[in-house]
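The opening position of the sequence shown corresponds to residue 1 in the UniProt record's numbering, with each subsequent residue numbered one higher.
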Amino acid sequence: MTITSSAGPSESGAPESAAQIGSLSGTVLGSTILLPQRGAVTYVQLAIERMRQEARALLYRWGNMESFLHRNIALRMYRLNNRSPSVETVRQWLQLARSKYRHRGRMRCQDAENLNIMANELERNAEAAGISLRTAQETATLESGSPGQAPVAQAAGTPREALGDAHVTFAHLAIDSLRREAQLIRDVWCTGEDVYIAQHLAHRMIRENDRSPAASTQLHWKQQDRGNYHRFFSRRQAQVQELESQALILEQELHSLLSSSSGPETEPPPDFESASKTVLPPWTGLDLGISMAFGNTQLLAGTRPLHYLVRTSAELSSTL
Numbered sequence: 001m002t003i004t005s006s007a008g009p010s011e012s013g014a015p016e017s018a019a020q021i022g023s024l025s026g027t028v029l030g031s032t033i034l035l036p037q038r039g040a041v042t043y044v045q046l047a048i049e050r051m052r053q054e055a056r057a058l059l060y061r062w063g064n065m066e067s068f069l070h071r072n073i074a075l076r077m078y079r080l081n082n083r084s085p086s087v088e089t090v091r092q093w094l095q096l097a098r099s100k101y102r103h104r105g106r107m108r109c110q111d112a113e114n115l116n117i118m119a120n121e122l123e124r125n126a127e128a129a130g131i132s133l134r135t136a137q138e139t140a141t142l143e144s145g146s147p148g149q150a151p152v153a154q155a156a157g158t159p160r161e162a163l164g165d166a167h168v169t170f171a172h173l174a175i176d177s178l179r180r181e182a183q184l185i186r187d188v189w190c191t192g193e194d195v196y197i198a199q200h201l202a203h204r205m206i207r208e209n210d211r212s213p214a215a216s217t218q219l220h221w222k223q224q225d226r227g228n229y230h231r232f233f234s235r236r237q238a239q240v241q242e243l244e245s246q247a248l249i250l251e252q253e254l255h256s257l258l259s260s261s262s263g264p265e266t267e268p269p270p271d272f273e274s275a276s277k278t279v280l281p282p283w284t285g286l287d288l289g290i291s292m293a294f295g296n297t298q299l300l301a302g303t304r305p306l307h308y309l310v311r312t313s314a315e316l317s318s319t320l
């Protein structure tokens with residue numbers, strides 16, 4: 001579910017202001033629904049949660065140009081199966097990535113800000129109406145048992161936070177990006193049919209600026225959303241499994257490569273997903289804007305070469 005228009009960047013503008021929605025007392029938006037594993041929850045709570053979730057996803061991808069460039073290069077290496085691209089190829093990729101970010105980055109960040117503003121206004125309106133909202137900790141505890149949601153580690157941190165600049169490879173960034181992409185799909189599609197329909201009903205009330213739609217309208221919306229869920233759930237679930245599988249295979253390949261490179265002192269692969277979440281600051285010292293690069297070719301038994309070894313900024317700057 002997307003609170004902002006999925007048709008494109010910010011052409012459609014921000015969501016309707018919560019101030020326009022007015023009091024939530026006695027409205028469907030302010031009413032309570034019973035959901036499996038979650039119990040009683042209001043529609044406005046579901047709307048707030050989803051808006052903040054989407055805002056976090058937008059900021060993860062678009063909140064910092066340098067980290068956007070790094071992840072873009074990592075995923076191009078992986079998906080194009082070009083694990084040791086030439087310097088000229090990387091420069092071309094960077095030019096495309098920079099152009100994309102300059103065209104969309106500011107709008108996407110504005111979308112995230114609008115979503116957070118909207119969520120905060122809805123929260124204030126709910127409190128003014130005496131509607132109890134769960135804390136983020138309570139919500140996370142309840143959602144951890146959502147039906148259909150596999151127990152996976154939340155991609156809360158970044159590889160750089162846990163590993164440091166000297167140990168982050170493009171492979172780490174590709175792994176992290178694949179798992180976050182899987183999590184974004186899971187957040188919408190793998191929380192159970194009832195939650196999916198309730199979230200979309202809450203979303204439509206916000207989008208249509210109708211806090212108390214008629215019963216017939218609610219039924220029509222629910223039927224549409226139920227049909228969409230049944231039509232696309234299996235496909236989305238398969239996407240999640242494929243992304244998780246890709247990330248795991250790449251992680252195992254990387255660990256094997258690094259283990260064979262570093263010898264007996266190799267430590268287990270760090271759990272960079274459990275690190276605390278912050279925005280990546282820019283890597284400095286290079287016009288290219290990247291302090292990670294492809295190193296020497298190393299072959300794993302029965303596999304294709306993996307060229308994601310780290311080089312220092314000084315080494316890389318001498319070649320770019």
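Glycine included, each C-beta is placed from N, C-alpha and C at the ideal position.
Taking a cut-off of 8 Å for Cβ pairs, the region 25-32 and the region 210-218 touch, as three or more such pairs fall below it. In terms of CA proximity to Asn64, Arg108 leads the group Ser86, Arg108, Pro36, Leu80.
Residues Ala198, Gln199, Ala202 of the same chain have their beta carbon placed closer than 7 Å to that of Leu46, with the five preceding and five following residues left out of the count. Of the residues Asp194, Val195, Thr217, the one whose Cα lies closest to the Cα of Met205 is Thr217.
Between Asp187 and Gln53 a beta carbon distance of about 6 Å is seen, short of the 8 Å cut, so the two are scored as contacting. The residue among Tyr78, Gln223, Arg56, Leu69 with its C-alpha nearest the C-alpha of Ile175 is Tyr78. Under the Cβ criterion (8 Å, minimum of three pairs), the region 180-196 counts as touching the region 226-235. Secondary structure of Gly39 (DSSP, three-state): strand. Annotation: the continuous alpha helix (DSSP H) that includes Leu96 extends over 87-128.
Taking C-beta atoms under 8 Å as the contact rule, Ala112 and Val44 fail to qualify, at a distance of about 20 Å.
Where Asp210 is concerned, there is no enclosing alpha helix (DSSP H), because DSSP gives it neither an H nor an E. Beta-bridge partners assigned by DSSP to Thr32: Thr42. Rounded to whole angstroms, the separation of the alpha carbons of Ile185 and His70 is 22 Å. Pairing Ala55 with Asn116 gives a Cβ-Cβ distance under 9 Å. Distance between Tyr229 and Val87, taken at the CA atoms: about 45 Å. Shortest Cα-Cα distance from Arg102 to any of Ala238, Arg134, Phe68, Pro85 involves Phe68. The three-state secondary structure of Ile249, taken from DSSP, is helix. About 5 Å separates the beta carbon of Gly30 from that of Ile131, a gap short enough to meet the 8 Å contact definition. Using a 10 angstroms sphere on the CB of His172, the tally of other CB atoms reaches 16 or more, which defines it as buried. One alpha carbon belongs to Glu251, the other to Arg180, and they sit about 14 Å apart.
By the Cβ-count criterion, Ile48 is buried, with 16 or more other Cβ atoms from all chains shown falling within 10 Å of its own Cβ.
With 16 or more other Cβ atoms inside 10 Å of its own Cβ, Ser177 counts as buried.
For Ile73, the enclosing alpha helix (DSSP H) begins and ends at 65-79.
Per DSSP, reduced to three states, the secondary structure at Arg180 is helical. The residues Ala182, Ile185, Arg186, Cys190, in chain order, have a CB closer than 7 Å to that of Val240 in the same chain once the five nearest residues on each side in sequence are set aside.
Between Asn72 and Lys100, the C-beta spacing is below 9 Å. Ile249 and Arg76 have their C-alpha atoms spaced approximately 17 Å apart.
Closest option to Ala97, judged by alpha-carbon separation, among Glu66, Ser84, Asn82: Glu66.
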